[in-house]
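Undergrad: Got a structure for you, questions after.
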Amino acid sequence: MSSTPFDLIGRQLTPFFPPACAGCDGTTTGQRAFCSICRPLAPELRSPNCRRCALPMEAFANHRQSTSLCSRCHTKTPAFDTVTALWEYDDAVADAIRRIKYGRDLPALRALCRRAHHWFHDTVDALPGDGPIVPVPSHRNSLRKRGFHVPSLTLRYLRAAECRRVSHRLTKTVDTPRQAGLSFDERYDNTRGVFAYRGPAPTTQSAIVFDDVLTTGATADAAAGALREAGYQAIAVVALARAPAPRKPHRRRS
Ligand SMILES: [Zn+2]
Ligand SMILES: [Zn+2]
Numbered sequence: 091m092s093s094t095p096f097d098l099i100g101r102q103l104t105p106f107f108p109p110a111c112a113g114c115d116g117t118t119t120g121q122r123a124f125c126s127i128c129r130p131l132a133p134e135l136r137s138p139n140c141r142r143c144a145l146p147m148e149a150f151a152n153h154r155q156s157t158s159l160c161s162r163c164h165t166k167t168p169a170f171d172t173v174t175a176l177w178e179y180d181d182a183v184a185d186a187i188r189r190i191k192y193g194r195d196l197p198a199l200r201a202l203c204r205r206a207h208h209w210f211h212d213t214v215d216a217l218p219g220d221g222p223i224v225p226v227p228s229h230r231n232s233l234r235k236r237g238f239h240v241p242s243l244t245l246r247y248l249r250a251a252e253c254r255r256v257s258h259r260l261t262k263t264v265d266t267p268r269q270a271g272l273s274f275d276e277r278y279d280n281t282r283g284v285f286a287y288r289g290p291a292p293t294t295q296s297a298i299v300f301d302d303v304l305t306t307g308a309t310a311d312a313a314a315g316a317l318r319e320a321g322y323q324a325i326a327v328v329a330l331a332r333a334p335a336p337r338k339p340h341r342r343r344s
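Position one of the sequence shown corresponds to residue 91 (the numbering used here), numbered consecutively onward.
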């Protein structure tokens, strides 16, 4: 994606107007997303993680164990092969992403992407194959309500099209309730069969599912499942942030 006049002007003005922090009204420096006060509240994802879903596994005490699967992936293999995420979805990062989604805080999204840009391109370059990046789609009703699509806009800010083709052939055909507040099982029930691939058969074996956040992995699993049904055989998930541990169920199933 080429630079717009606004990008060029922004770069010229950066020395005079330091970049905004994604977490507060303060400013930061260089390619950082958060100021020095917010940064400790925005930890990046640390290993050891589940080798499939990247769930941080505090119990894994050594390198050999760090190649293991978490109990969820051990019980039921997700439709995706790997997950790579930059931040833990917690504290300042979770606040920033909620403000972006529900408050249209686009300066915060720009700040996250400023830090994530090189990480994203290095991550994609390291993935096998040359398949497209597929943003997790929203249903048209929520797009109409929100006015923008967070994963697609994030990919634009990350200049994703410079490293891979971005495909919008995956659509969300069912207007599901919001995932927030649902238990692990409810999230899987809520996303089962809600995505459909539209278009000709894939010409590559691999694809990359992109979302801003991965919490339980239910949405990414459903999106990857639809891509597998379409013919993709190797599916990686890339997300800005990943929930650090299983969320306490809001409601318990009887
Ligand atoms: Zn800050
Ligand atoms: Zn796992």
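Beta carbons are placed, not taken as given, at the ideal position from N, Cα and C, and that holds for glycine.
1) So, using beta-carbon positions, are L199 and L243 closer together than 8 Å?
2) Suppose contacts are defined by Cβ-Cβ distances below 8 Å. Is V299 in contact with L317 by that definition?
3) Which residues in the same chain as P109 place their Cβ atom closer than 7 Å to its Cβ, once the five residues preceding and following it in sequence are excluded?
4) Would A132 pass as a contact of G113 if the rule is Cβ separation under 8 Å?
5) Give a yes or no on contact between the region 278-290 and the region 244-256, applying the rule of three or more CB pairs nearer than 8 Å.
6) Quick check on the burial criterion: 16 or more other C-beta atoms within 10 angstroms. Buried or exposed for S346?
7) Given a cut-off of 8 Å on the beta-carbon distance, is the pair V328 and V240 in contact?
8) Check for me: the alpha helix (DSSP H) holding P225 runs from which residue to which?
9) Taking DSSP as the reference, what is the three-state secondary structure of P241?
10) Which residues does DSSP list as the beta-bridge partners of V303?
11) Any chance you could list the residues with Cβ under 6 Å from a heavy atom of ligand 1, keeping chain order?
12) What residues match up with K262 in a beta bridge as DSSP calls it?
13) Measuring from the CB of L159, is there a heavy atom of ligand 2 at a distance below 7 Å?
14) What residue range is occupied by the uninterrupted alpha helix (DSSP H) comprising T213?
15) Does the Cβ-Cβ distance between I325 and A308 come in under 8 Å?
16) Apart from the five residues just before and just after E178, which ones in its own chain have a Cβ nearer than 6 Å to its Cβ?
17) Check whether the Cβ of C163 sits closer than 7 Å to any heavy atom of ligand 2, and report yes or no.
18) Nearest-angstrom Cα distance between A286 and A186?
19) For ligand 2, is there any heavy atom lying closer than 7 Å to the beta carbon of L233?
20) Return helix, strand or coil for F107, following the three-state DSSP convention.
TA: The structure says:
1) Yes. Within cutoff.
2) For V299 and L317, yes; Cβs fall inside 8 Å.
3) T117, T118, A201, R204
4) For A132 and G113, yes; Cβs fall inside 8 Å.
5) no
6) Any answer about residue 346 is impossible in this case: the structure gives the chain only from 91 up to 344.
7) Contact flag unset, no.
8) Counting along the chain, P225 falls outside any alpha helix (DSSP H), though it belongs to the beta strand (DSSP E) covering 223-225.
9) helix
10) A331
11) Having a Cβ closer than 6 Å to some heavy atom of ligand 1 are C111, G113, C114, G116, F124, C125, I127, C128.
12) Looking at the DSSP assignment, K262 forms a beta bridge with F285.
13) yes
14) From DSSP, the alpha helix (DSSP H) with T213 extends over 196-216.
15) No, they are not a contact pair.
16) P133, L135, P334
17) yes
18) So the two alpha carbons sit approximately 30 Å from each other.
19) no
20) coil
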